[in-house]
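According to my numbering, the stretch in the sequence shown is residues 1224 to 1305, in order. Note that the Cβ used here is the ideal one computed from N, Cα and C, for glycine as well. Below is one structure, written out as structure tokens; the observations come after it.
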Amino acid sequence: MAIEGADIIKAAGLLGAGLSMGLGAIGPGVGEGMAAAKACEAIGRNPKEAGLLTRTMLVGQAVSESTGIYSLVIALLLLFVV
């Protein structure tokens, strides 16, 4: 059984999809965790502004999560198009 070029391309696509999701999830995960930690610290210092801080934190986390969603799109393209 010989390995053909199409098999190598499919294997590279699967490997790329895994790497895309693995590495693409690290940044948003760390960033969102740091944002939540800093928001908790800020609420602890100034509880009266909890609503504003929570809204701002959630908007920041949504922007941060967009990079994870982009990596998901790339992974899906590699899985189903290649």
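* From A1229 to V1305, what does the alpha carbon distance come to, in whole angstroms? -> 10 Å
* Using the C-alpha atoms, what's the distance from N1269 back to L1301? -> 46 Å
* Check whether the Cβ atoms of V1287 and A1258 sit closer than 8 Å, and answer yes or no. => First, the residue type needs correcting, since residue 1287 is Ser and not Val in the sequence shown. A contact, by the Cβ cut-off of 8 Å.
* Buried or exposed by the 16-neighbour rule on C-beta atoms within 10 Å, applied to A1298 -> buried
* Three-state secondary structure assigned by DSSP to I1226 -> Three-state DSSP puts I1226 in coil, outside helix and strand.
* To do: On a CA-only basis, which of L1295, A1262, T1290 and S1289 is nearest M1280? Give me that one, please.
  => A1262
* Asked: How big is the Cα-Cα spacing for M1244 and E1227?
  -> 26 Å
* Asked: Should S1294 be labelled buried (16 or more other beta-carbon atoms within 10 Å of its own) or exposed?
  -> buried
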